[in-house]
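Undergrad:
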Amino acid sequence: MGAWEGPAPFWADHLTEAQLNVLDRQGRYQEYLHLAEAEGQTDRYVTMLARLGRGAEALEYGRTHLSRVHEAHTLAVTLWERGEAERALEAADVGLTLQGPKDTLAAWLRDRAAEHGQTDRALAAARVAFEAEHGLDAYLKVQEIAGTGWIDIRPALLNQLRTVRSYYPRGPVEIFLHEGLIDDAIAAVDQGATHSLVEQVAEAAIESHPDWVIKASRKQAEGIMDDGKSQYYGAAADWLARARDAYRATGREREWQSCLGELLNRHRRKYSLVPLLKALK
Numbered sequence: 001m002g003a004w005e006g007p008a009p010f011w012a013d014h015l016t017e018a019q020l021n022v023l024d025r026q027g028r029y030q031e032y033l034h035l036a037e038a039e040g041q042t043d044r045y046v047t048m049l050a051r052l053g054r055g056a057e058a059l060e061y062g063r064t065h066l067s068r069v070h071e072a073h074t075l076a077v078t079l080w081e082r083g084e085a086e087r088a089l090e091a092a093d094v095g096l097t098l099q100g101p102k103d104t105l106a107a108w109l110r111d112r113a114a115e116h117g118q119t120d121r122a123l124a125a126a127r128v129a130f131e132a133e134h135g136l137d138a139y140l141k142v143q144e145i146a147g148t149g150w151i152d153i154r155p156a157l158l159n160q161l162r163t164v165r166s167y168y169p170r171g172p173v174e175i176f177l178h179e180g181l182i183d184d185a186i187a188a189v190d191q192g193a194t195h196s197l198v199e200q201v202a203e204a205a206i207e208s209h210p211d212w213v214i215k216a217s218r219k220q221a222e223g224i225m226d227d228g229k230s231q232y233y234g235a236a237a238d239w240l241a242r243a244r245d246a247y248r249a250t251g252r253e254r255e256w257q258s259c260l261g262e263l264l265n266r267h268r269r270k271y272s273l274v275p276l277l278k279a280l281k
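The opening position of the sequence shown corresponds to residue 1 in this note's numbering, with each subsequent residue numbered one higher.
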């Protein structure tokens, strides 16, 4: 029925957690279970059941009462540590249906299921982990587990990446570059990205997409120079060096020299910048 005759105060959960800690240290486990259940401390309740060797009861209760991913993750780890592997994996399956960030639990389930040779379960969890973070490591894990089925799965994952909208699309960019999909990597950073990601794509695209590299590099460099950000002039010069390499990769040396001359004329009064520009000849 709960510990409070009326509405619980705002600090009720903190008090309950303190009481549970004391009961745990005293070994008063039945009282612990009664209090945890009465006060809705479901994760503490099912975890204690698992610790007491009542894994089947913990899993059954968890199926209907757990509401957050992290609660199921705690139960799964506890069951796993007690050697109840199948129940642990089932608890993790339950967790992936609940509310909350799923990347950590999905990765845990993926790896544990793979260890036990449960490929279908591991692959399903691997895809959830990928969908949660869109990172290269998660992508490669799906590929590893999928084996010969990868050829059918790969297009769906790449299409999913193409819908991601983020100011920091690091994962999609790294995956596209890993796959040699320069056009997709460019599209990802053209939506808006950090300097470091644009630089990563520009380095990979010099030979195949020199015009884009020139445009992107000049935009980065000219933004720094036009704003007079002298502390970043070195970075501007690096961007221009990349543009120069792209010009030269397409045999457009004269065009590069014209561009450089224009920049020297425009910024001739920026005395700390001029030597850096002259060094790019």
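Where is the CB? At the ideal position from N, CA and C, for every residue including glycine. Since the structure is predicted, the reported quantities are computational estimates derived from the model, not experimental observations.
1. Just to confirm my understanding: we take Thr47, look at its own chain, exclude 5 residues before and 5 after, and list those with CB closer than 8 Å. What are they?
2. Are at least three pairs of beta-carbons, each pair with one atom in the stretch 129 to 138 and one in the stretch 166 to 173, less than 8 Å apart?
3. Going by DSSP in three states, Arg244 sits in which element: helix, strand or coil?
4. Among the residues of its own chain, which have a CB less than 6 Å from the CB of Tyr61, if the five just before and after it don't count?
5. Looking at C-beta atoms only, is the number of pairs between the stretch 101 to 120 and the stretch 154 to 166 that lie closer than 8 Å three or more?
6. Could you tell me the alpha carbon to alpha carbon distance between Ala122 and Lys215, rounded to whole angstroms?
7. Checking 8 Å against the spacing of the C-beta atoms, do Val128 and Ala113 come in under that value?
8. Is it buried or exposed for Trp108, if we count other Cβ within 10 angstroms and need 16 for buried?
9. Which residues in the same chain as Ala204 place their Cβ atom closer than 8 Å to its Cβ, once the five residues preceding and following it in sequence are excluded?
10. So the candidates are Leu49, Gly228, Gly223 and Gly180; which of them puts its Cα closest to the Cα of His195?
11. Residues in its own chain within less than 7 Å of Glu207 by CB, not counting five upstream and five downstream?
12. Drop a sphere of 10 angstroms on the beta-carbon of Gln99, count the other beta-carbons inside from all chains shown, and report buried for 16 or more, exposed for fewer.
13. Apart from the five residues on each side of it in sequence, which residues of its chain come closer than 7 Å, Cβ to Cβ, to Leu20?
14. According to DSSP, is Gln191 part of a helix, a strand, or is it coil?
15. In three-state terms, what does DSSP make of Arg218?
16. Looking only at its chain, what residues have a beta carbon closer than 8 Å to the beta carbon of Lys270, apart from the 5 residues adjacent to it on each side?
TA: From the atom records:
1. These residues qualify, in order along the chain: Ala58, Thr74, Leu75 and Thr78.
2. yes
3. helix
4. Val46
5. no
6. 44 Å
7. no
8. buried
9. So the qualifying residues of the chain are Leu177, Ile182 and Ala185.
10. Gly223
11. Ala249
12. exposed
13. So the list reads Tyr32, Leu35, Ala36, Gln41 and Arg44, once near-sequence residues are dropped.
14. If DSSP states are grouped into helix, strand and coil, Gln191 belongs with coil.
15. helix
16. Met225, Gly228, Ser230 and Tyr233
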